[in-house]
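In this note's numbering, the protein residues as written are 7 to 355. First the structure, in the form of structure tokens, and then the observations on it.
Structure, rendered in structure tokens:
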């Protein structure tokens, strides 16, 4: 339903780890090179957590947004973090942000898992909750430590992802806001297995117990090089059928943009800016060709960060905000990812 209530982004923030990993670093651990990676993905570097974590990046990005906003932090009534890689299964990343920023306890905090589309759903959820909230503001974050989820023997996936976080403080406005979402349940094209852990099995006769399944860290989960030490939380890592995901992604962005434009009876001439999930520059370039004459409206920053999943859109919004290219713009925000799902927002920021 198209409502008059929109959102206003008061302030944004972003955070990345100190450690930058270039394509040349990957030459040390897998059979690849800078040219191979860049020509196929548009990525030159990405950031990797050493001392940092998903939670600490989320806190840093949220603090940056709060400092820029100038608002009373205790007027934040909602904190939502989009993530698939939080430090804990529970408590939520959002609860830890509330703790670290010392925000009043009268606040709704939860995390949302929708992979690379997560930040869009988090914005939509925050907007919906603000309509009934006593407090004026919501803090929405996308944060990921993707380096924990990768198989560093698989050159087709390990070179794609990076760690980072982005945050936005929003309030309701009288501007326009429409959202569309599509889900195509699929755990084959793009999937990350859960952590099985250790389940004891008791022998009723002897009382002995043994491990039924064990997915804990062992030597196979660590890859050591002269400069890098990678560890992941499961033995499998992210599994992706690259061509399937590419075809899905190009269709998804084109389709969601057209759905939003049709819903508002608009054309691309009415749009100032398009911020897509940054998964692969070739995906965005393919979409640009489907909207001829409007390619310059698509923002691209994947070269510096890689695919940061739920963090990619808020990081892009933060960069645009710093360049004074965001506020007042009629913008389409489009995401796609594991689910398979895709979603978009058309709003005037």
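We treat Cβ as the ideally placed atom computed from N, Cα and C, and that holds for glycine. Note that the structure is a prediction, hence the values are computed from the model and not measured.
The C-alpha of residue 127 is placed about 13 angstroms away from the C-alpha of residue 85.
Residue 151 places its beta carbon less than 8 angstroms from that of residue 91. The Cβ atoms of residue 59 and residue 93 lie closer than 8 angstroms to each other. A straight line joining the alpha-carbon of residue 67 with that of residue 300 spans about 31 angstroms. For residue 109 and residue 133, the gap between their C-alpha atoms comes out near 20 angstroms. Residue 347 is classed as buried because its beta carbon has at least 16 other beta carbons within 10 Å across all chains shown.
Contact between the segment 38 to 57 and the segment 9 to 20 is absent: fewer than three C-beta pairs spanning the two stretches fall below 8 angstroms.
The Cβ-Cβ distance between residue 309 and residue 49 falls below 8 angstroms. Where residue 78 is concerned, there is no enclosing alpha helix (DSSP H), because DSSP gives it neither an H nor an E.
When the beta-carbon positions are compared, residue 116 and residue 351 stay at least 8 angstroms from each other. Residue 279 and residue 339 have their C-alpha atoms roughly 8 angstroms apart.
Exclusion of the five residues before and after residue 326 leaves 332 as the residues of its chain whose Cβ lies within less than 6 angstroms of its Cβ. With fewer than 16 neighbouring CB atoms inside 10 Å of its own CB, residue 95 falls in the exposed class.
Secondary structure at residue 174: strand, using DSSP grouped into helix, strand and coil.
Looking at the backbone, the Cα of residue 129 and that of residue 13 are separated by about 9 angstroms. The bridge partners DSSP lists for residue 189 are 347.
Annotated as distal: residue 175 and residue 267, with beta-carbon spacing of 8 angstroms or more. At the C-beta level, residue 164 and residue 36 come within 8 angstroms of one another. Within the same chain, and ignoring the five residues on either side of residue 125 in sequence, the residues whose Cβ sits closer than 6 angstroms to its Cβ are 88, 148, 316, 319, 320. Short of 8 angstroms from the beta carbon of residue 113, and not among the five residues preceding or following it, lie these beta carbons of its own chain, in chain order: 82, 83, 84, 85, 104, 141. By the neighbour-count criterion, in which 16 or more other beta carbons inside 10 Å mark a residue as buried, residue 345 falls on the buried side. Under the three-state reduction of DSSP, residue 41 is assigned to helix. If you check the CB distance, residue 21 and residue 144 do not come in under 8 angstroms. Residue 63 has its alpha-carbon roughly 11 angstroms from the corresponding atom of residue 54.
Positions of the beta strand (DSSP E) runs, each at least 3 residues long and wholly inside the segment 126 to 157, are given as 143 to 151 in order along the chain. The beta carbons of residue 255 and residue 138 sit no closer together than 8 angstroms. With fewer than 16 other Cβ atoms inside 10 Å of its own Cβ, residue 189 counts as exposed. Taking 8 angstroms as the upper bound for CB-CB distance, residue 285 and residue 122 are in contact here, some 7 angstroms apart. By alpha-carbon distance to residue 298, the top candidate from 260, 281, 118 is 260. Residue range 114 to 118 is occupied by the beta strand (DSSP E) that includes residue 116.
Between residue 79 and residue 118, the C-beta gap is not smaller than 8 angstroms, which leaves the two residues out of contact. With respect to residue 353, residue 337 sits close: the two C-beta atoms are nearer than 8 angstroms.
Bridge partners of residue 282 according to DSSP: 340.
The alpha-carbon separation between residue 24 and residue 323 amounts to approximately 21 angstroms. Per DSSP, residue 98 is not a residue of any beta strand (DSSP E), being assigned neither H nor E. The C-beta of residue 159 has fewer than 16 other C-beta atoms within 10 Å across all chains shown, which makes the residue exposed.
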